[in-house]
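Peer 1: One structure, pasted below without further comment.
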Amino acid sequence: MNNSKNMRTNIARGISAAALAAALTIGSPASAQTTSTLQGHVEGAAPGATVTVTDTVTGRSVVATLDAQGNYVIVGLRPSTYQVQVSGGPAAETVTVPVGQTVTFDVGEPAEATASSGEIVVTGMRSRPEVRSATIGTNVSQAQMESLPQNDRNFLNFAGLAPGVTVSNDPNNKRIQAGGNSSNNVNVFIDGTSQKNQVGFGGVAGQNFSQGNPFPQSAVQEFRVETQNFKAEYEQAGSAIITAVTKTGGESFHGGAFGEFVPKSFYGRPYFDRPGNANNPNGTNEKPDYKRWQFGADLGGPIIPGVLHFFAAYEGTRTTQPGLAVNLTDPSIPAELVSANSGNFPADFKQDLYFGKLTLFASDNDTLNGSFFLRQESDVRDYGGTRLREGGRDLGTETKNAQFEWVHRGDGFVNELTLSYFKSFTGTPTITEGSEYKLINPQGAEVLIGGANSFQQANDQESYTWKNNFTYTGLDNHVIKAGLKVSMNTLTRIEDAFANGSYTYNAVGFTGTDSSTPVRATISLLPPTPMEADNVQVGVFLQDDWTIDDHWTVNVGLRWDYESNNFNNDYQTPGKVANALRNYQPWQAAGIDPEDYITDGTKRSPFMGAFQPRIGVSYDVNGDRDLVLFAGAGRYYDRNIFYLASLETLFNNIRSDATVSFCGAAGLPGCTGASGELAWNPAYRDPQALRAAVGQTGLSGDIWVINNDAKVPYTDQFTLGVRKRFGPVQFSAAVAHNRSHDAFIFVRGNRQPNGLYTDGGDAWVRDNFPVDGRPAGYTGRLNIGSSKGEQRYTALYLTADKAYTKTSGWGATASLTISDAKSNQAIAFDEGQMFNAGSQDAFGWQPTRGLERWRFVATAIGDLPWGLQASGTLTLSSGPRFGNVDFSRTPPPNCGGCFYYNDAGVFSPEPFIAYKNLDLRLAKTFKMPWGGHELTIDGEVFNVFDSVNRNYSTWGAGSGANPPLKENSTVGYARTFQVGAKYRF
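Position one of the sequence shown corresponds to residue 31 (the numbering used here), numbered consecutively onward.
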């Protein structure tokens, strides 16, 4: 112990000067997002009495001196279990401090205290999470993550326990949605580092179209979900934030290994795919292959006891998905192609997650953490139906995060410095190379798609971030935080659409791509070129938690964010596009100024007005934290993703794909000189030759332009609620009201010569504009960026929470959300373009698609005799709203091919309970003969009652003038079993 202390002393001397400099530096939310606060009052304490709190995992202690009123506040604590000792008092008491929370630990009236001795005799204590807050938050403990049933090891699944939050049921696209907003408006922080997807959709980097997990669950100690009125320290989130803290190695070695398995026989076949049901009426489709292994291990402990500790974790997943069937049934397809390519082909998924962390206790006041995380995954899919296996793509993800944290504690302050490197790549490379080819039958319908997929893409973001946080507690009854963040980001997107061409052939007589003559082809006029933006982000905040007295608590804060190149600020409109827009007569008739969409690189200035005031007030009626009223309001700016900005560069400067019809050869029509014709030449089998020929014709495809005054989206949140404790159960009821503004999307910008989108209004899908409705020299659509998206969300949140403890042997939670969500944008969330209208608000205010009218989630954990433990999760909901597509509506005059597509929440599922799911888990723990070792065997059942939870989509349940309001497909799991084993020591 003395050697450890001497070592810490020597280290401390080397950093003390730097610590003082850092302590005087204003900071950011980095570590504040993953640390906690312990506060309280000691009755009858003598002057100079102290409170010592000791982390039971790491052995680290922090000492606080009571103020004149007997109060203490200790900020910047690592979430853990602590021993709390009052000087001169009795034996230490144990207190659990969750992530991101303030816990109050009060010491009751003394028996006979004397000022000279300072002796405290404890007669009563109160220890509970602080409820004097306007923030609506839900903590998810390690016990819940380990004990509740879960069909994969994505810790973010448990975010669904929070009110106002839903986690998608699509296993291939795990997203979190909250507060009536898009999943893009969520932000996740792991050890203070933002996981924000700055390039693509989905909110969390790496989760867009991924079935993988963002982080090894065995490395997550606990996390917190905040859905309303979070404080000024939190950034880039318009709906909810999730803060997770990783495990740290302790004073003794602890670790373990686990494995979980779902074989084919345990996997529940979707209801409508079973023999005799809608998708398998004759029972000819056999149950597809499926198996999933999840496995991993972790280990933590001391390298130098009391000085240097480590923690490491690994998790892997290997899944064989149900085989994707290639069905080639059209009689025009050559028989040899049918026999060689039809059948079921397995889809394999592989993921590996690695995490390592070192913790150095450099001195009594200085803690340094260094960590590294790596995520790698591969997922082959995107084939089946009429697309051959060779046309599949490998949806790959790789995430790297390295960071360094330094926490320095002084007299009345804590300074937390974080340096981090974050890189996330998501791509869809093709599994074969070459050109795509399509076969059409005599009626012109596509009946086979072969060759390499004509579309692949990749998103990449790389960030270097400096954050520093300074918390001051030296002013009585105030906890003041100030923060600064500087992040240098490089955002990259590359999109390959038709770079190798897509050739269409007649199926009848097709002998191969080298010998048959195509009837048409689509080609990009330029090869794929990376689009890149350098973007510097700066965030500053100041906030104060002011405890006025035992009744009133006020939190007030102000945040300001800045981005140097948020939305293609330096873009220069190509001269061809600019001339086409300036000479586009329909815009002149419509009163649209082309100069609003043309820039020379100087017309898009960074937004400087992202000031975000936030305030929360709570009133403790009796001053005992039993009955608390609270209210809050705040503004929350988010950001526009780089993908949307890149579309302007992509279509105007790079992609600009064009489709030509071949003529003048055997089996082809004669050439007439019409626009879009190209005389066939066998050299055009080479995409480069075809690209050169099409480019010489002067043809171009689409134009995409952004308004130079594009807005930054933001949400105003308002909350009013009450909290009440009944015994060990904390109840809460709150009304949340959110108003979101300036959501961005592309809409159709084509107009008729009379200036109208159609003669029947803007609410129609219209893709095939005649020549007089297209800019000169362009054959495709004109899409213009619009920032007129608005959303309104009002909800009632009811929650009950009794935390699980080993002492009580049980825990339970319940959350009911009743909501009304509306939007003026009739398209689903997370879309780049509103292809169904000529203006963003064409359909007016309607319910929001994909959101539920109500949702109920309950969990329970209970210890049973003989080392058994039972747990369950029940989810009930109204099911998501969905839209309406109607081809039977009479389109406006002179609007060939127009049809009605309203993708808002036009309809709701007919059953009152449209989604119901009960998952159960039973575990048996065996105490090993060697001390401290345990073996746990568990079995889990997902969807115990095999409920048929239908999918509800616009194209299915909402299709037609009299839509069926249901469809023969399901979401989530049919009844499925999983077995597992876990060894801990």
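Beta carbons are placed, not taken as given, at the ideal position from N, Cα and C, and that holds for glycine.
What do you get for residue 567, buried or exposed, if any count of 16 or more other CB atoms within 10 angstroms of its CB means buried?
Peer 2: In the sequence shown, counting from the first residue as 1, residue 567 sits at position 537. By the neighbour-count rule (16 or more Cβ atoms within 10 Å), residue 567 is buried.
Peer 1: Identify whether residue 619 lies in helix, strand or coil by the three-state DSSP scheme.
Peer 2: Here residue 619 refers to the residue found at position 589 of the sequence shown. In this structure, residue 619 counts as helix in the three-state DSSP scheme.
Peer 1: What span of residues does the alpha helix (DSSP H) with residue 677 cover, start to end?
Peer 2: Translated into positions along the sequence shown, residue 677 becomes position 647. From DSSP, the alpha helix (DSSP H) with residue 677 extends over 672 to 679.
Peer 1: Report, in whole angstroms, the separation of the C-beta atoms of residue 454 and residue 495, which I expect to be a contact under 8 Å.
Peer 2: As a first step, residue 454 is located in the sequence shown; it is residue number 424 there, counting from the start. As a first step, residue 495 is located in the sequence shown; it is residue number 465 there, counting from the start. Not really, about 13 Å apart at Cβ, beyond 8 Å.
Peer 1: Between residue 192 and the rest of its own chain, which residues show a CB-CB distance below 6 Å, the 5 nearest in sequence each way excluded?
Peer 2: Working through the sequence shown from its first residue, we reach residue 192 at position 162. Once the five neighbours on either side are set aside, the close Cβ partners of residue 192 are 168, 255 and 257.
Peer 1: For residue 627, does the three-state DSSP call read helix, strand or coil?
Peer 2: Here residue 627 is taken as the residue at index 597 of the sequence shown, counted from 1. DSSP places residue 627 in coil when its eight states are reduced to three.
Peer 1: On the three-state DSSP scale, how would you describe residue 691?
Peer 2: Stepping through the sequence shown from its first residue, residue 691 is reached at position 661. The answer is strand: DSSP assigns residue 691 an E or B state.
Peer 1: Within 8 Å, do at least three Cβ pairs link the segment 771 to 785 to the segment 741 to 753?
Peer 2: Cβ pair count under 8 Å is three or more, so yes.
Peer 1: In angstroms with no decimal places, state the Cα-to-Cα distance between residue 922 and residue 986.
Peer 2: Along the sequence shown, read from residue 1 onward, the residue named residue 922 stands at position 892. Along the sequence shown, read from residue 1 onward, the residue named residue 986 stands at position 956. If you take the alpha carbons of residue 922 and residue 986, they lie about 25 Å apart.
Peer 1: So the beta strand (DSSP E) residue 769 belongs to, where does it begin and stop?
Peer 2: If you number the sequence shown from 1, residue 769 lands on position 739. Its beta strand (DSSP E) spans residues 759 to 778.
Peer 1: Using a Cβ-Cβ cutoff of less than 7 Å, which residues in the same chain neighbour residue 613 once the five nearest sequence positions on both sides are dropped?
Peer 2: Indexing the sequence shown from 1 puts residue 613 at position 583. Once the five neighbours on either side are set aside, the close Cβ partners of residue 613 are 806.
Peer 1: Among residues of its own chain, excluding the 5 on either side of residue 179, which ones have a beta-carbon nearer than 8 Å to its beta-carbon?
Peer 2: Position 149 of the sequence shown, counted from the first residue, corresponds to residue 179. So the qualifying residues of the chain are 901, 902, 903, 949, 950, 951, 970, 971 and 972.
Peer 1: Hey, how far is the Cα of residue 115 from the Cα of residue 122?
Peer 2: Translated into the one-based positions of the sequence shown, residue 115 becomes position 85. Translated into the one-based positions of the sequence shown, residue 122 becomes position 92. Going by the C-alpha atoms only, they are around 5 Å apart.
Peer 1: Give the straight-line distance between the Cα atoms of residue 801 and residue 695, rounded to the nearest whole angstrom.
Peer 2: Taking the sequence shown and counting its residues from 1, one reaches residue 801 at position 771. Taking the sequence shown and counting its residues from 1, one reaches residue 695 at position 665. Whole-angstrom Cα-Cα distance: 27 Å.
Peer 1: Name, in chain order, the residues that DSSP records as bridge partners for residue 104.
Peer 2: For this step, residue 104 is matched to residue 74 along the sequence shown. Answer is 68, bridged to residue 104.
Peer 1: Have a look at residue 963 and residue 282 and give me their C-alpha separation to the nearest angstrom.
Peer 2: Here the question's residue 963 lines up with position 933 in the sequence shown. Here the question's residue 282 lines up with position 252 in the sequence shown. Their Cα atoms are separated by approximately 13 Å.
Peer 1: Give every residue of the same chain whose Cβ lies closer than 6 Å to the Cβ of residue 1001, excluding the five residues on either side of it in the sequence, and list them in chain order.
Peer 2: Counting from 1 along the sequence shown, the entry for residue 1001 is found at position 971. Excluding positions up to five away in sequence, the list reads 199, 979 and 981.
Peer 1: Please report the distance separating the alpha-carbon of residue 36 from that of residue 394.
Peer 2: Counted from its first residue, the sequence shown places residue 36 at position 6. Counted from its first residue, the sequence shown places residue 394 at position 364. In this prediction, residue 36 scores a pLDDT of 47, lower than 50, which makes its location untrustworthy; no coordinate-derived value is stated.
Peer 1: Could you tell me the boundaries of the beta strand (DSSP E) in which residue 366 lies?
Peer 2: As a working note, residue 366 is residue 336 in the sequence shown. Element bounds for residue 366: not the beta strand (DSSP E) but the alpha helix (DSSP H), 365 to 371.
Peer 1: Evaluate residue 638 with the Cβ neighbour count: other Cβ atoms within 10 Å of its Cβ, from every protein chain shown; 16 or more gives buried, anything less gives exposed.
Peer 2: Indexing the sequence shown from 1 puts residue 638 at position 608. With fewer than 16 Cβ atoms within 10 Å of its Cβ, residue 638 is classed as exposed.
Peer 1: Judging by CA-CA distance, which residue of 292, 812 and 825 is the nearest neighbour of residue 682?
Peer 2: Counting from 1 along the sequence shown, the entry for residue 682 is found at position 652. Out of 292, 812 and 825, 812 has the C-alpha closest to the C-alpha of residue 682.
Peer 1: Could you tell me the alpha carbon to alpha carbon distance between residue 75 and residue 655, rounded to whole angstroms?
Peer 2: Here residue 75 corresponds to residue number 45 of the sequence shown, with the count starting at 1. Here residue 655 corresponds to residue number 625 of the sequence shown, with the count starting at 1. Their Cα atoms are separated by approximately 22 Å.
Peer 1: Return helix, strand or coil for residue 719, following the three-state DSSP convention.
Peer 2: As a working note, residue 719 is residue 689 in the sequence shown. Three-state DSSP puts residue 719 in a helix.
Peer 1: What residue does the alpha helix (DSSP H) around residue 731 start on, and which one ends it?
Peer 2: In the sequence shown, residue 731 corresponds to position 701, counting from 1. No alpha helix (DSSP H) contains residue 731, which DSSP labels as neither H nor E.
Peer 1: Would you kindly work out how many angstroms separate the C-alpha atoms of residue 300 and residue 1003, rounded to a whole number?
Peer 2: Within the sequence shown, residue 300 is the residue found at index 270, counting from 1. Within the sequence shown, residue 1003 is the residue found at index 973, counting from 1. Approximately 7 Å, taken between the alpha carbons.
Peer 1: So, is residue 538 buried or exposed, given that buried needs 16 or more other C-beta atoms within 10 angstroms?
Peer 2: Walking along the sequence shown from the start, residue 538 turns up at place 508. Residue 538 should be labelled exposed.
Peer 1: For residue 572 versus residue 640, is the C-beta spacing smaller than 7 Å?
Peer 2: Start at 1 with the first residue of the sequence shown, and residue 572 comes out as number 542. Start at 1 with the first residue of the sequence shown, and residue 640 comes out as number 610. Cβ atoms of residue 572 and residue 640: not closer than 7 Å.
Peer 1: Check whether the segment 480 to 495 touches the segment 512 to 527, counting contact only when three or more Cβ pairs, one atom from each stretch, lie closer than 8 Å.
Peer 2: Touching, yes.
Peer 1: Can the beta-carbon of residue 1026 be found less than 7 Å from the beta-carbon of residue 234?
Peer 2: Outside the displayed span of the chain (31 to 1015) sits residue 1026, for which this structure offers no information.
Peer 1: Does the beta-carbon distance from residue 858 to residue 933 come in below 7 Å?
Peer 2: Taking the sequence shown and counting its residues from 1, the one referred to as residue 858 is at position 828. Taking the sequence shown and counting its residues from 1, the one referred to as residue 933 is at position 903. A contact, by the Cβ cut-off of 7 Å.
Peer 1: Under the three-state reduction of DSSP, which class applies to residue 176: helix, strand or coil?
Peer 2: Locating residue 176 in the sequence shown gives position 146, where the first residue counts as 1. Residue 176: helix per DSSP, three-state reduction.
Peer 1: If you reduce the DSSP assignment to three classes, tell me which class residue 801 lands in.
Peer 2: Position 771 of the sequence shown, counted from the first residue, corresponds to residue 801. Three-state DSSP puts residue 801 in a helix.
Peer 1: Could you tell me if residue 342 is buried or exposed, where buried requires 16 or more neighbouring beta carbons within 10 angstroms of its beta carbon?
Peer 2: By one-based count along the sequence shown, residue 342 stands at place 312. The residue in question, residue 342, is buried, as its Cβ has 16 or more Cβ neighbours within 10 Å.
Peer 1: Is it the case that the segment 401 to 412 contacts the segment 420 to 428, given that we only count it when at least three CB pairs across the two stretches are under 8 Å?
Peer 2: Yes: the two stretches touch, three or more of their Cβ pairs being nearer than 8 Å.
Peer 1: Where do the ends of the alpha helix (DSSP H) carrying residue 610 lie?
Peer 2: Here the question's residue 610 lines up with position 580 in the sequence shown. Note, residue 610: alpha helix (DSSP H), 605 to 612.
Peer 1: Going by Cα to Cα distance, which pick from 105, 125, 974 and 161 is closest to residue 582?
Peer 2: Taking the sequence shown and counting its residues from 1, one reaches residue 582 at position 552. Ranking 105, 125, 974 and 161 by Cα distance to residue 582 puts 161 first.
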